[in-house]
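*Asks:* The following block contains the structure, expressed as structure tokens.
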Amino acid sequence: MIFIDCSSGISGDMLVAAMLDLGNYEKEIDKIVEVIEEVTEKKCTVEIKEVKRGRIKGRSISFSCKNDFESLQASKLEEYLNKCLEIMKLQEKYSSLAAEILTILIKAEEKVHSKNKEELHLHELSSTDTLFDILSFSALAQKISLLQNKIMSTPVNLGSGKAKISHGEFTIPLPLAQEIVTSYKIPITLMSSGELATPTGLAILSSLSPEFKYEIEEPIKILKAGKGAGMLNIKETPNILRIIITEDMNKYSSDRITLLETNLDDITGEIIGYIINKLMEEGALDVQVIPAITKKNRPSYILSVICRDRDKEKFLSLIFSETGTLGVRMSEERMRVVAKREIKEIKVELEGKNFNVSVKISRDNSGNIISLKAEYDDCTRISNKLNIPLKSVERKINVIAHQIFF
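Numbering of the sequence shown is given in our numbering, commencing with residue 7 and proceeding in unit increments.
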């Protein structure tokens, strides 16, 4: 599990600095600077150093470009990001994470200014610093396997008082920050003086769909903690954000999921089959179709989709567009308890011939094997090749797998 402590605020540079504090990733940052320089044709510099906020030591990072943009069309910033991602070649889910962060920022700007992306000119977000924060966070998130972990966060301290932006002086929360925390239901506090949460930091947090709480009920072991320092020195509390990597000491892992359901009474079996495949290809955790009888004794199906909380909007759109349904029931933030799963490839000999077979193994958090099972596709391939019953193939492979792993 990864826990983000933003009780003293959050920003893109604080998140990046905290991840730098977790490991030696300075070379990754240098590569990102080179990519931004290539795409934007600007000379950029980055400074990473150890600082103190109050009496607490942490890392800080500052990025700047010579003759930086004062105003930039939102679609142009999106173009720059996509070009950078093409060069960086991150794993698909981390490239998607970067794109989602920028989308959150642009959608918030559109709502605040009542303009679409093509008309929208960014001011505070127009600098290459926004690009740097998004790319650096996504690249370092890949380094620490962030998305493979359950993510939790404290409520965000936005600060208090007034702050100046390009449109004048506003009371905190500022309009863009307010739009993001409202849209993504981020719990907040307004406890310390000054602007402590930036739109980029809030957009990054929103993209992770964390579970928000101050207390962690389940027993954990802290493995590592990174501290990222903000630019302000505030009196009330050290301006430090922490990213804490922990190990769950429970026997099984858990995560938060969303359950989406809809009734379908005017759809063919062929379309249902297509929808199941489409949803699974897009990353649904599970899809079920249950036969049902509805009003007027009409035969129908209940389509049930389990997905990660952060993916619920994507799957809502897919269900509406692919099925034509008029409504979807949504149960958010359900707890799912799961065994750890892995796939190992083994070599087996059947009927005098050698085959490579994938075996799915589930374990508890102590590493004890709960179950193992040969992959269905491999078993059917061997069954057809040898012309022997599928059940016989599965039984023989599972016996061999037990001998190897137990």
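Glycine is no exception: its CB is placed at the ideal position from the N, C-alpha and C atoms.
Below 8 Å on the Cβ atoms is my guess for R65 versus K227; work out the distance and round it to an integer in Å.
*Replies:* That belief does not hold up - the Cβ atoms of R65 and K227 are roughly 23 Å apart, past 8 Å.
*Asks:* Could you say which of I157, K379, D74 lies nearest to I222 if we only look at CA atoms?
*Replies:* Comparing Cα-Cα distances from I222 to each of I157, K379, D74, the minimum goes to I157.
*Asks:* K397 by DSSP, collapsed to three states: which one?
*Replies:* helix
*Asks:* Quick check on the DSSP output: the alpha helix (DSSP H) that includes Q184 runs from which residue to which?
*Replies:* 181 to 189
*Asks:* Going by CA-CA distance only, name the one from L332, V344, D317, I352 that's closest to E338.
*Replies:* D317
*Asks:* Going by Cα to Cα distance, which pick from E357, Q148, T46, I8 is closest to E34?
*Replies:* Among E357, Q148, T46, I8, the Cα nearest to that of E34 belongs to Q148.
*Asks:* Please tell me whether I54 and A23 are closer than 9 Å, where the distance is taken between their beta carbons.
*Replies:* Yes. Within cutoff.
*Asks:* So, under 8 Å CB-CB, C71 and C90 are touching, yes? Tell me the CB distance rounded to an integer number of Å.
*Replies:* At roughly 13 Å, the Cβ-Cβ gap does not stay under 8 Å, so C71 and C90 are not in contact.
*Asks:* Return the chain-ordered ranges of every alpha helix (DSSP H) run that is complete within the stretch 235 to 321 and spans a minimum of 4 residues.
*Replies:* 275 to 287
*Asks:* Tell me whether E357 sits in a helix, a strand or coil according to DSSP, three-state version.
*Replies:* coil
*Asks:* Where does T160 sit, in a helix, a strand or coil, going by DSSP?
*Replies:* coil
*Asks:* So, is Q97 buried or exposed, given that buried needs 16 or more other C-beta atoms within 10 angstroms?
*Replies:* exposed
*Asks:* Please report how far the alpha carbon of S198 lies from the alpha carbon of E185, in whole angstroms.
*Replies:* 20 Å
*Asks:* How is F143 classed by DSSP in three states: helix, strand or coil?
*Replies:* helix
*Asks:* Determine the direct distance from the alpha carbon of L28 to that of F412, and round the result to whole angstroms.
*Replies:* Distance between the alpha carbons of F412 and L28 is about 36 Å.
*Asks:* Report the CB separation of T329 from L309 in whole angstroms; it is logged as a contact under 8 Å.
*Replies:* Contact holds; Cβ gap of about 7 Å.
*Asks:* Sorry if obvious, but does the Cβ on I228 come closer than 8 Å to a heavy atom of the ligand ATP?
*Replies:* As far as ligands go, the structure on display features none, and thus does not contain the ligand ATP.
*Asks:* Quick one, are the C-beta atoms of I38 and L87 less than 9 Å apart?
*Replies:* no
*Asks:* Taking three-plus beta-carbon pairs below 8 Å as touching, is the stretch 344 to 351 in contact with the stretch 367 to 383?
*Replies:* yes
*Asks:* Can you give me the Cβ contacts of N418 inside the same chain, cut-off strictly under 8 Å, excluding the 5 residues immediately before and after it?
*Replies:* Here the chain covers residues 7 to 412 and nothing more, so residue 418 does not appear.
*Asks:* Near P193, what residues of its chain come up, given a Cβ to Cβ distance below 6 Å and the 5 sequence neighbours on each side ignored?
*Replies:* P161, F218
*Asks:* For the stretch 294 to 312 and the stretch 231 to 245, state whether three or more C-beta atom pairs, one from each stretch, are separated by less than 8 Å.
*Replies:* no
*Asks:* Is V334 helix, strand or coil when you go by DSSP?
*Replies:* coil
*Asks:* Thinking C-alpha only, which one of D19, K230, L270, M94 is nearest T300?
*Replies:* T300 has its Cα closest to that of L270, out of D19, K230, L270, M94.
*Asks:* Please report how far the alpha carbon of E116 lies from the alpha carbon of K99, in whole angstroms.
*Replies:* The straight-line gap from Cα to Cα measures roughly 25 Å.
*Asks:* Would you please state the rounded distance, in angstroms, between the beta carbons of L247 and M20? I believe it to be under 8 Å.
*Replies:* 4 Å
*Asks:* Could you compute how far the alpha carbon of L180 sits from the alpha carbon of L26?
*Replies:* 28 Å
*Asks:* Looking at C-alpha atoms only, which residue of V41, E351, K350, E85 is the closest neighbour of S142?
*Replies:* The shortest C-alpha separation from S142 is found at V41.
*Asks:* Mind checking which residues open and close the beta strand (DSSP E) that includes T51?
*Replies:* 50 to 59 is the span of the beta strand (DSSP E), which, as asked, contains T51.
*Asks:* Since S213 and I107 are thought to touch, with beta carbons under 8 Å apart, how far apart are those beta carbons, to the nearest angstrom?
*Replies:* 5 Å
*Asks:* Give every residue of the same chain whose Cβ lies closer than 8 Å to the Cβ of I410, excluding the five residues on either side of it in the sequence, and list them in chain order.
*Replies:* I352
*Asks:* If you count every other CB in all the chains shown that lies within 10 Å of the CB of G167, and 16 or more means buried, which is it?
*Replies:* exposed
*Asks:* Does DSSP put F414 in a helix, a strand or coil?
*Replies:* Outside the displayed span of the chain (7 to 412) sits residue 414, for which this structure offers no information.
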